[in-house]
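Number of protein chains: 2
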Amino acid sequence: MAAKKTFGQTIRDLRKAMTPPLTQRELAERVAARMREEDRRGFDFTYLSKIENDRLPPPSAAAIIALAEELGGDRDDLLALADKAPADLGSEMKKSEGARTFFRSAVNENLSEEEWHKLLDSLKRIKNRREE
Amino acid sequence: MAAKKTFGQTIRDLRKAMTPPLTQRELAERVAARMREEDRRGFDFTYLSKIENDRLPPPSAAAIIALAEELGGDRDDLLALADKAPADLGSEMKKSEGARTFFRSAVNENLSEEEWHKLLDSLKRIKNRREE
DNA sequence: TCTCGTGTTGACTCTCAACTCAACAATGGC
DNA sequence: GCCATTGTTGAGTTGAGAGTCAACACGAGA
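Chains as they are written, first to last, in my numbering: chain A, 90 to 221; chain B, 90 to 221.
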């Protein structure tokens with residue numbers, strides 16, 4: 090099994106794999122432009138440099154999503170690499186009573202990996218039903 | 090349907106319903122004692138006062154749990170009232186790859202209340218299957 | 001009336017995440 | 001050799017969350 094790439098390495102590889110390759114300045118500029126529409130935070134190329142070298146932890150979820158969009162990477166994969174799950178949970182839980190109830194029950198049940206997998210299947214079925 | 094009590098009102102009512110009723114100073118002191126074992130933060134009675142009057146948002150999850158324990162309230166109910174994720178959700182996410190994957194997908198799908206409800210049904214079915 | 005216990009308030013502090021800024025180093029074309 | 005582009009680094013900033021502290025208000029009893 091190949092050693093898992095770090096978040097920073099992954100971003101750097103994606104950036105260089107673009108045609109044409111982007112510089113840190115270009116990428117950071119584009120990500121910043123995307124982010125300013127949704128969020129109030131910026132994204133400086135020097136920050137990107139540190140992230141690519143894993144000298145700082147991965148950026149905010151908003152920044153990761155903007156990166157994924159600019160680089161054509163998979164947004165979920167990048168979020169997972171950055172271990173950002175609990176952050177997004179908060180906002181979803183605020184919006185949705187159903188989400189709160191569900192997660193409280195799920196955690197209380199102490200599910201196994203297999204059972205989480207079954208739930209994921211249920212989710213996929215719900216999603217497909219919607220798209221029909 | 091009775092109007093939902095705020096977090097602050099709920100805490101105040103629980104505090105006064107104790108036998109004997111606690112003062113803000115007493116309760117805050119006990120909560121602080123409990124918290125210092127787990128956490129590094131304190132809990133001042135003037136902070137409690139503001140919380141009971143809903144002049145500040147509910148405290149940290151650790152403080153809410155300590156409050157629930159001192160007051161004999163239901164910990165998950167209080168957490169839900171405060172719009173906080175269940176306390177152990179964070180650790181659940183760290184432990185379980187399946188939980189992370191499921192959660193990421195669920196949040197990205199932006200589910201409706203009804204869809205969350207369907208998921209809860211799936212969860213119940215899984216749980217029942219286990220108990221047979 | 002004094003003061004004790006209890007509750008309230010405004011201003012301040014502390015910490016952390018998520019960045020920004022100024023300066024400098026390395027590399028490659030001219 | 002010069003300088004333009006690209007990347008790196010340490011120090012500093014900013015905003016939000018989670019409280020703390022000093023001071024004051026108010027009613028009940030001695």
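Don't be surprised by glycine CBs; every beta carbon is placed ideally from N, CA and C.
Asked	Found
Unbroken alpha helix (DSSP H) run spanning A/Asn217, endpoints	202-220
Chain A contacts made by the region 182-204 of chain B, where a contact means CB separation under 9 Å	Met182, Lys183, Ser185, Glu186, Gly187, Ala188, Arg189, Thr190, Phe191, Phe192, Arg193, Ser194, Ala195, Val196, Asn197, Glu198, Asn199, Leu200, Ser201, Glu202, Glu203, Glu204
Rounded straight-line distance, which links the Cα of A/Arg119 to that of A/Gly131	10 Å
Whether A/Leu167 touches A/Ala157 by CB criterion (8 Å)	yes
Beta-carbon proximity list for A/Ala176, same chain, < 6 Å, skipping 5 on both sides	In this prediction, A/Ala176 scores a pLDDT of 48, lower than 50, which makes its location untrustworthy; no coordinate-derived value is stated.
Residue range of the alpha helix (DSSP H) that includes A/Arg170	Strictly speaking, residue 170 of chain A in this sequence is Leu, with Arg absent from that position. Counting along the chain, the alpha helix (DSSP H) containing A/Leu170 begins and ends at 164-170.
Status (buried if at least 16 other CB within 10 Å, exposed otherwise) for B/Leu145	exposed
Below-8 Å beta-carbon distance, B/Leu208 vs any chain A residue	yes
Selection from A/Asn142, A/Glu159, A/Pro147 that minimises the alpha carbon distance to A/Ala122	A/Glu159
Top-ranked residue by Cα proximity to A/Glu127, from A/Leu103, A/Pro148, A/Lys105, A/Ile154	A/Ile154
Closer than 8 Å to chain A by CB, B/Ser211	yes
Where the alpha helix (DSSP H) through B/Arg125 begins and ends	113-127
A/Phe79: first and last residue of the uninterrupted alpha helix (DSSP H) it sits in	With chain A covering 90 to 221 only, the question about residue 79 of chain A has no answer from this structure.
Limits of the alpha helix (DSSP H) - the one that A/Phe132 falls within	Run containing A/Phe132: none; DSSP gives neither H nor E here.
Residue burial classification, B/Ala106 (beta-carbon count within 10 angstroms, cutoff 16)	exposed
Interface partners of B/Lys216 on chain A, CB under 7 Å	Glu198
Own chain, CB closer than 8 Å to A/Asp143, minus 5 neighbours either side, in chain order	Thr95, Phe96, Gly97, Gln98
Partners in chain B for A/Leu168, counting only beta-carbon separations shorter than 7 Å	Arg193
Buried versus exposed call for A/Glu202 [16 or more other C-beta atoms within 10 Å across all chains shown]	exposed
For B/Leu160, the first and last residue of its enclosing alpha helix (DSSP H)	150-160
Burial state of B/Thr135, where buried means 16 or more other Cβ atoms lie within 10 Å	exposed
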